[in-house]
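For what it's worth, the working numbering labels the leading residue of the sequence shown as 5, then goes sequentially.
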Amino acid sequence: GKAATQLAQNGSALARTSLGSGFWLAAALALLACSDAIRRISTHPLWRWLLHMQIAIIPLWLLYSGTLNDLSLMKEYANRQDVFDDALAQHLTLLFGAVLPALVIGVPLGIWCYFSTARQGAIFSLLNVIQTVPSVALFGLLIAPLAALVTAFPWLGKLGIAGTGMTPALIALVLYALLPLVRGVVVG
Numbered sequence: 005g006k007a008a009t010q011l012a013q014n015g016s017a018l019a020r021t022s023l024g025s026g027f028w029l030a031a032a033l034a035l036l037a038c039s040d041a042i043r044r045i046s047t048h049p050l051w052r053w054l055l056h057m058q059i060a061i062i063p064l065w066l067l068y069s070g071t072l073n074d075l076s077l078m079k080e081y082a083n084r085q086d087v088f089d090d091a092l093a094q095h096l097t098l099l100f101g102a103v104l105p106a107l108v109i110g111v112p113l114g115i116w117c118y119f120s121t122a123r124q125g126a127i128f129s130l131l132n133v134i135q136t137v138p139s140v141a142l143f144g145l146l147i148a149p150l151a152a153l154v155t156a157f158p159w160l161g162k163l164g165i166a167g168t169g170m171t172p173a174l175i176a177l178v179l180y181a182l183l184p185l186v187r188g189v190v191v192g
């Protein structure tokens with residue numbers, strides 16, 4: 005952070021300073037080593053959680069103290085904060101909009117499959133097929149039915165449902181989440 009500040013004072017207002025790939029690789033390896041050490045130190049989940057949270061303290065302190073403000077990532081965030089915030093909101097909508105329905109569908113389906121191997125075969129065959137469909141193809145397959153639904157029921161369009169956009173993405177994410185979720189419930 006200090007080197008970035010020094011370089012920013014001497015350079016152009018448009019100049020950017022960023023951490024190189026060596027830093028990111030070293031940081032990733034250090035995090036993996038810390039995580040492995042924590043796993044070996046304690047088997048108690050609370051202690052593990054507390055130790056993992058300590059790993060986040062230094063980066064968060066550097067971030068909130070302003071030490072990293074002259075790095076390119078932080079400058080871009082400051083210049084385009086509204087775009088980043090909109091993207092974060094859209095990402096969180098996709099995350100929770102997919103996880104919650106997947107849980108509502110997948111957990112009961114997994115429990116239902118747990119009690120019958122005949123059901124498991126049929127359900128897992130269908131979920132395996134869905135899992136193998138490429139995402140772009142699945143989006144393409146969802147466009148026509150969703151557009152037809154909006155044409156048949158215009159009030160769906162007022163709710164934001166459309167053949168393109170957020171709706172097919174949410175449906176695809178829910179469908180892709182079902183196989184690992186149902187399989188995890190069946191396994192226990």
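Ideal Cβ positions, reconstructed from N, Cα and C, are used throughout, including at glycine.
Please read these numbers as outputs of a predicted model, since none were measured by experiment.
Through-space distance from residue j to residue i, alpha-carbon basis
{"i": "residue 54", "j": "residue 64", "result": "15 Å"}
{"i": "residue 162", "j": "residue 169", "result": "14 Å"}
{"i": "residue 76", "j": "residue 22", "result": "5 Å"}
{"i": "residue 117", "j": "residue 132", "result": "15 Å"}
{"i": "residue 104", "j": "residue 178", "result": "9 Å"}
{"i": "residue 91", "j": "residue 140", "result": "20 Å"}
{"i": "residue 137", "j": "residue 130", "result": "11 Å"}
Residue interval of the alpha helix (DSSP H) (run including residue i)
{"i": "residue 136", "result": "121 to 136"}
{"i": "residue 46", "result": "First-last for residue 46: undefined, no H or E at that position."}
{"i": "residue 139", "result": "139 to 156"}
{"i": "residue 187", "result": "170 to 191"}
Close beta carbons around residue i, own chain, < 7 Å, minus the five adjacent residues each side
{"i": "residue 174", "result": "98, 101, 102"}
{"i": "residue 150", "result": "165, 166, 167, 171, 172"}
Residue burial classification, residue i (beta-carbon count within 10 angstroms, cutoff 16)
{"i": "residue 184", "result": "exposed"}
{"i": "residue 62", "result": "exposed"}
Own chain, CB closer than 8 Å to residue i, minus 5 neighbours either side, in chain order
{"i": "residue 58", "result": "none"}
{"i": "residue 135", "result": "180, 183"}
{"i": "residue 153", "result": "160, 165"}
Proximal residues to residue i (C-beta, below 6 Å), its chain only, five neighbours per side dropped
{"i": "residue 111", "result": "189"}
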